[in-house]
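First comes the structure, then the notes that go with it.
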Amino acid sequence: MVERGPGRSRRPASIRARATGGAALVVLLALVIGAVAFVAVLRGSLTDGVRSAAEQTLDGLAARVETDGAAAVRAEDDDVLAQLQDADGRVLARSEDGPDQPLDADADDGYRHDGERWLLVTDDVDLPAGGDAVLVVGAPLEDTDAAVRTTTVLLVVAVPVVVALMSLVTWSVVGRALRPVDRMRREVDDIEGANLDARVAEPGSGDEVDRLAATMNRMLGRLEASQQAQRQFVSDASHELRSPLATIRQHAEVARAHPEATGTAELADVVLDEGARLQDLVESLLLLTRVDERGRDRDRAVDLDDLVFAEASRARSAHGPTVRIDVSGVAPARVRGDDRLLARVVRNLVDNAVRHAEQLVVLGLGATGDSAVLTVDDDGHGIPESDRSRVFERFVRLDEGRARDAGGSGLGLAIVDAVVRAHGGDVAVSAAPGGGARFTVRLPLQQD
14 MVERGPGRSR RPASIRARAT GGAALVVLLA LVIGAVAFVA VLRGSLTDGV RSAAEQTLDG
74 LAARVETDGA AAVRAEDDDV LAQLQDADGR VLARSEDGPD QPLDADADDG YRHDGERWLL
134 VTDDVDLPAG GDAVLVVGAP LEDTDAAVRT TTVLLVVAVP VVVALMSLVT WSVVGRALRP
194 VDRMRREVDD IEGANLDARV AEPGSGDEVD RLAATMNRML GRLEASQQAQ RQFVSDASHE
254 LRSPLATIRQ HAEVARAHPE ATGTAELADV VLDEGARLQD LVESLLLLTR VDERGRDRDR
314 AVDLDDLVFA EASRARSAHG PTVRIDVSGV APARVRGDDR LLARVVRNLV DNAVRHAEQL
374 VVLGLGATGD SAVLTVDDDG HGIPESDRSR VFERFVRLDE GRARDAGGSG LGLAIVDAVV
434 RAHGGDVAVS AAPGGGARFT VRLPLQQD
């Protein structure tokens, strides 16, 4: 005998088996209750018929007794039990087949005589010679009992047969309904990372199974897109990381081979600059990962205007009078989210605008409907309309007018897009009134 390990449990029954068993149990209970009720109703109906016939016989015999006296009772045939009793229950007369002992009309299960059940009815009669008597008449229940027994036997045989047939039909129908699901299971089980472009066959029936297949195909499509994006991301990240590392290694090799050509200070400057690029790139990658794994537990009310003013002040301190930053169009707006991620959105947009502006960056913030609308304008060269859908992709480089001239990682706008979408908003780029680029961010307002 094979014993199960402590960590293993008995395999649960299949949906097909559970559906068949559940249907069989319900039908069995319904049929048993119905059969018992039917037998009870049949017995009562047949008994009422016998009682009605017995009462008719009683009425006819009572009329004859009141005319002919006890002789009318003795003249009854053997198909009817009849007794004439006095007030004390003594038998004054009986039919040919009637017993010598007084008939008990109050018997709950009927009166038994010669192994059969009889239904007794009574009536008070007036004797011709004077005095009162009780007339008792019995009718046989043999035919009623036989009909009930026959019906019970038929039901005992029919109920299991019906349950078995119903179980067979349910097993077959559920099996046919689940056959596409089992086929989808096998198809999905064969899908691996190398063939995420595969799809399950959709039955086209328009039912739940067909909708399940369509949902699984959409899920596989998202997984395929995610895998492609991940591969592209890893490829681009590897390329971006290779460039500063190669620069550092190249200068280090030159410094070691030709110490008279490259000084320590020059090498240190190269290492610091490229190290800063590496640090910025790694931090940006970590931030993107954090956005992808963001939960709602960090959400809180955030005054977006405070973040805009803080970033404007930081940019003024960093760039001095080179670029003027206008915040006159900033109005109060409160949203809900992660304040550090939203601050990074504002910082990236301001840094991007300052990097490409000629003289002016204009920040605007207000509420429109149920959304907070943040705009960041610069008066630079702008972004060609054909490239506006690409600027939010990771590691995307445009022409020299938007080139990485300040050591950027190429992930700033990708971070903006990811954070805004994670907060239920959207970001778009268009032409600014001053001729440069306008970035517009829409976020849901905090609901009081």
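Quick note: the sequence shown uses this note's numbering, first residue 14, plus one each step.
Heads up, the beta-carbon is just placed ideally off N, CA and C, and yes, glycines get one too.
Source: prediction; values computed, not measured.
> Between which two residues does the alpha helix (DSSP H) harbouring D210 extend?
Replying inline: Along the sequence shown, one-based indexing puts residue 210 at 197. Neither: D210 is in no alpha helix (DSSP H) and is coded neither H nor E.
> Roughly how many angstroms lie between the CA atoms of A84 and R130, to the nearest whole one?
Replying inline: Locating residue 84 in the sequence shown gives position 71, where the first residue counts as 1. Locating residue 130 in the sequence shown gives position 117, where the first residue counts as 1. Roughly 26 Å separates the two Cα atoms.
> If you run the structure through DSSP and keep just helix, strand and coil, what is S443?
Replying inline: For the purposes of this step, residue 443 is taken as residue 430 along the sequence shown, with counting starting at 1. DSSP places S443 in strand when its eight states are reduced to three.
>> Give me the residue from L178, R262, L458 with the minimum Cα distance to V315.
In response: Indexing the sequence shown from 1 puts residue 315 at position 302. With distances taken between Cα atoms, V315 lies closest to L458.
> Pick from G342, E155, A32: whose alpha carbon is nearest that of L181?
Replying inline: Numbered from 1 along the sequence shown, position 168 holds the residue referred to as residue 181. Ranked by Cα distance from L181, the first of G342, E155, A32 is A32.
> At which residues does the alpha helix (DSSP H) containing R198 begin and terminate?
Replying inline: As a first step, residue 198 must be located in the sequence shown, where it is residue number 185. Unbroken alpha helix (DSSP H) run through R198: 155-202.
> Hey, how far is the Cα of D202 from the Cα of V358?
Replying inline: Within the sequence shown, numbered from 1, the residue matching residue 202 stands at position 189. Within the sequence shown, numbered from 1, the residue matching residue 358 stands at position 345. The alpha-carbon separation between D202 and V358 amounts to approximately 41 Å.
> beta strand (DSSP E) containing T335: first to last residue?
Replying inline: Position 322 of the sequence shown, counted from the start, is the residue given in the question as residue 335. Segment: none, T335 is in no beta strand (DSSP E) and carries neither H nor E.
> Would a C-beta distance cut-off of 9 Å place V374 and V429 closer than the cut-off?
Replying inline: Counting from one through the sequence shown, the residue named residue 374 turns up at place 361. Counting from one through the sequence shown, the residue named residue 429 turns up at place 416. Their beta carbons are not under 9 Å apart, which means V374 does not touch V429 by this criterion.
>> Below 8 Å on the Cβ atoms is my contact criterion, and I expect T165 with V63 to pass it. Report the Cβ-Cβ distance as a whole number of Å.
In response: On the sequence shown, position 152 is the one that residue 165 refers to. On the sequence shown, position 50 is the one that residue 63 refers to. Wrong, their Cβ atoms sit about 18 Å apart, outside the cutoff.
> Which residues share a DSSP beta bridge with L456?
Replying inline: As a position in the sequence shown, residue 456 is number 443, starting the count at 1. According to DSSP, L456 bridges with A385.
> Who are the Cβ neighbours of L354 in its own chain at under 6 Å, not counting the five residues just before and after it?
Replying inline: Counted from its first residue, the sequence shown places residue 354 at position 341. V432, listed in sequence order.
> What does a CB cutoff of less than 7 Å around A441 pick up in its chain, not counting 5 residues either side in sequence?
Replying inline: Within the sequence shown, the letter at position 428 stands for residue 441. Taken in chain order, the residues that qualify are T453.
> DSSP three-state call for Q98: helix, strand or coil?
Replying inline: If you number the sequence shown from 1, residue 98 lands on position 85. Of the three classes helix, strand and coil, the one that applies to Q98 here is strand, per DSSP.
> Which value, in whole angstroms, describes the spacing of the CA atoms of V54 and A159?
Replying inline: Within the sequence shown, residue 54 is the residue found at index 41, counting from 1. Within the sequence shown, residue 159 is the residue found at index 146, counting from 1. Answer to the nearest angstrom: the Cα atoms are 15 Å apart.
> Under a three-way DSSP split, which group does G34 fall into?
Replying inline: To locate residue 34, count along the sequence shown from 1; it is residue 21. Helix, per DSSP.
> Counting pairs of beta carbons, one from the region 253-263 and one from the region 222-238, are three or more of them closer than 8 Å?
Replying inline: no
> Are the beta-carbon atoms belonging to L456 and A366 less than 9 Å from one another?
Replying inline: For this step, residue 456 is matched to residue 443 along the sequence shown. For this step, residue 366 is matched to residue 353 along the sequence shown. No, these two residues do not count as a Cβ contact at 9 Å.
> Taking Cβ to Cβ, would you say V186 is nearer than 9 Å to M197?
Replying inline: As a position in the sequence shown, residue 186 is number 173, starting the count at 1. As a position in the sequence shown, residue 197 is number 184, starting the count at 1. Result no, Cβ atoms of V186 and M197 do not sit closer than 9 Å.
>> Please report the straight-line C-alpha distance between G18 and S27, rounded to a whole angstrom.
In response: Position 5 of the sequence shown holds residue 18. Position 14 of the sequence shown holds residue 27. Residue placement at G18 is poorly supported in this model, since its pLDDT is 49, which falls under 50; the coordinates still yield a value, given next. Rounded to whole angstroms, G18 to S27 spans 22 Å at the Cα level.
>> Helix, strand or coil for R224? Go by DSSP, reduced to three states.
In response: Taking the first residue of the sequence shown as position 1, residue 224 is located at position 211. Here R224 sits in helix by DSSP.
> Count the other CB atoms within 10 Å of the CB of G481; is the residue buried (16 or more) or exposed (fewer)?
Replying inline: Since the first and last residues shown for the chain are 14 and 461, residue 481 lies out of range.
> So, is A289 buried or exposed, given that buried needs 16 or more other C-beta atoms within 10 angstroms?
Replying inline: Taking the first residue of the sequence shown as 1, we reach residue 289 at position 276. Exposed, by the Cβ-count rule.
> Assuming L387 contacts V284 under a Cβ cut-off of 8 Å, what Cβ separation, rounded to an integer in Å, is found between them?
Replying inline: Within the sequence shown, residue 387 is the residue found at index 374, counting from 1. Within the sequence shown, residue 284 is the residue found at index 271, counting from 1. Actually they do not touch by this definition, with Cβ atoms about 38 Å apart.
>> Quick check: what's the CA-CA separation for P115 versus G151?
In response: Reading the sequence shown from its first residue, position 102 is the one you call residue 115. Reading the sequence shown from its first residue, position 138 is the one you call residue 151. Between P115 and G151, the C-alpha separation is close to 12 Å.
> Does the ligand MG have a heavy atom nearer than 8 Å to the CB of Q263?
Replying inline: The ligand MG is not part of this structure, which contains no ligands at all.
> In the structure shown, what three-state DSSP assignment does T275 receive?
Replying inline: Translated into the one-based positions of the sequence shown, residue 275 becomes position 262. Looking at T275 - three-state DSSP - the assignment turns out to be coil, as it is neither helix nor strand.
> When you compare only the Cα positions, how much space is there between L38 and V176?
Replying inline: One-based indexing of the sequence shown puts residue 38 at position 25. One-based indexing of the sequence shown puts residue 176 at position 163. Near 8 Å, if we compare the C-alpha coordinates of V176 and L38.
> Anyone know if the C-beta pair for V138 and G102 falls short of 9 Å?
Replying inline: The residue you call residue 138 lines up with position 125 of the sequence shown. The residue you call residue 102 lines up with position 89 of the sequence shown. No; because the gap between Cβ atoms is not below 9 Å, this pair is not in contact.
> Distance, Cα to Cα, D113 vs V104?
Replying inline: Taking the first residue of the sequence shown as 1, we reach residue 113 at position 100. Taking the first residue of the sequence shown as 1, we reach residue 104 at position 91. Going from the Cα of D113 to the Cα of V104 covers about 7 Å.
> Nearest to A325 by alpha carbon, out of L362, L209, V247?
Replying inline: Residue numbering aside, residue 325 sits at position 312 when the sequence shown is read from its first letter. For the residues L362, L209, V247, the minimum Cα distance to A325 belongs to L362.
> Taking the continuous beta strand (DSSP E) assigned at D139, which residues delimit it?
Replying inline: Start at 1 with the first residue of the sequence shown, and residue 139 comes out as number 126. Segment 129-139, the beta strand (DSSP E) holding D139.
>> Using DSSP's beta-bridge definition, name the partner residues of H126.
In response: For this step, residue 126 is matched to residue 113 along the sequence shown. For H126, which the question treats as bridged, DSSP gives the partners E129.
> Do L133 and L94 have their CB atoms nearer than 9 Å?
Replying inline: Within the sequence shown, residue 133 is the residue found at index 120, counting from 1. Within the sequence shown, residue 94 is the residue found at index 81, counting from 1. Yes, the pair counts as a contact, with Cβ atoms nearer than the cut-off.
>> Tell me which residue opens and which closes the beta strand (DSSP E) that L8 is part of.
In response: Absent from the model: residue 8. The displayed extent of the chain is 14 to 461, so no value can be given.
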